[in-house]
Amino acid sequence: MNMHNNELWTKAVAFHGHICPGIVVGYRASTKVLELLGLSGKLIGDTHNAIVENDVCGVDGVQIVTGCTLGNDSLIIENHGKFAFAWVDKKTRAGFRLLLKVPLWKTNEPLELHQKVKLGTATPEEKQSFISIRGQRGQELMELSDDELFKVEAIARKVPGKPRLHPFVKCAQCEESFMEPWAQTIEGKILCPVCRN
Ligand SMILES: [Zn+2]
Ligand SMILES: [Zn+2]
Numbered sequence: 440m441n442m443h444n445n446e447l448w449t450k451a452v453a454f455h456g457h458i459c460p461g462i463v464v465g466y467r468a469s470t471k472v473l474e475l476l477g478l479s480g481k482l483i484g485d486t487h488n489a490i491v492e493n494d495v496c497g498v499d500g501v502q503i504v505t506g507c508t509l510g511n512d513s514l515i516i517e518n519h520g521k522f523a524f525a526w527v528d529k530k531t532r533a534g535f536r537l538l539l540k541v542p543l544w545k546t547n548e549p550l551e552l553h554q555k556v557k558l559g560t561a562t563p564e565e566k567q568s569f570i571s572i573r574g575q576r577g578q579e580l581m582e583l584s585d586d587e588l589f590k591v592e593a594i595a596r597k598v599p600g601k602p603r604l605h606p607f608v609k610c611a612q613c614e615e616s617f618m619e620p621w622a623q624t625i626e627g628k629i630l631c632p633v634c635r636n
């Protein structure tokens, strides 16, 4: 797949910050599901829920391509550590789950480098090497077909809605306002989660 002139891909990379296998998989799963739903090029956050089974790079692709975001409550993270992404219609409950069929990484070497980068113990050369392996693997995955990348299954699932906005109360100690479900009254004083620790 030639991505050089693809505006949406450019946007996804800009949003995510780098090219890596994860963003490629999240982007490809999202464009594929829109095609399966007959909604290519549309944002479906109003009508669909995305259910993602990890909370890493690919989730940014899901948010930018399908418009199912954490903030608009159409993105549900059920972290099973799997590279699986599903979308279901909020009304009909019908949708698709796409599971990555190929390894995200070919070996564990980039993961060891990643760990060093995150812990701050990587040398500049190791950091550079990680960035280059990450980009290369992203490119390799981009070149695979949808069939090579994903196992696709039709699913039906109800995602129960839950209210996320609540009345505000004020913490007796820090005097900051916060939403009531996070409040605890201790010795007659309303306290926020930060102040009662
Ligand atoms: Zn990434
Ligand atoms: Zn407080």
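In our numbering, the protein residues as written are 440 to 636. All C-beta atoms in this analysis are idealised placements derived from N, C-alpha and C, irrespective of residue type, glycine included.
Exercise for the section: Return the chain-ordered list of same chain residues with a C-beta closer than 7 Å to the C-beta of N511, the five sequence neighbours on each side being excluded. Expected result: G484
Exercise for the section: Would you be able to state if there are at least three C-beta pairs under 8 Å between the region 493-509 and the region 445-463? Expected result: yes
Problem - Stretch pair the region 570-583 + the region 607-625: three plus CB contacts closer than 8 Å - result: no
Handout entry: Contact set for L539: own chain, Cβ-Cβ below 6 Å, skip 5 residues either direction
Key = V464, F522
Problem - Exposed unless 16 or more other CB atoms sit within 10 angstroms - verdict on L558 - result: exposed
Practice task
Below 8 Å on the Cβ atoms is my guess for L537 versus F524; work out the distance and round it to an integer in Å.
Solution key: 5 Å
Exercise for the section: Can you check DSSP and say which residues form a bridge with M618? Expected result: F607
Exercise for the section: Taking 8 Å as the cut-off, decide whether the C-beta atoms of V598 and I515 are in contact. Expected result: yes
Exercise for the section: For D633, verify whether its CB is less than 7 Å away from any heavy atom of ligand 2. Expected result: Checking the sequence, you will find Val at residue 633 rather than Asp. V633: yes, Cβ under 7 Å from ligand 2.
Practice task
Could you check the C-alpha separation between D585 and L552 for me, to the nearest Å?
Solution key: 29 Å
Practice task
Would you kindly check if the distance between the Cβ of N488 and the Cβ of V527 is under 8 Å?
Solution key: yes
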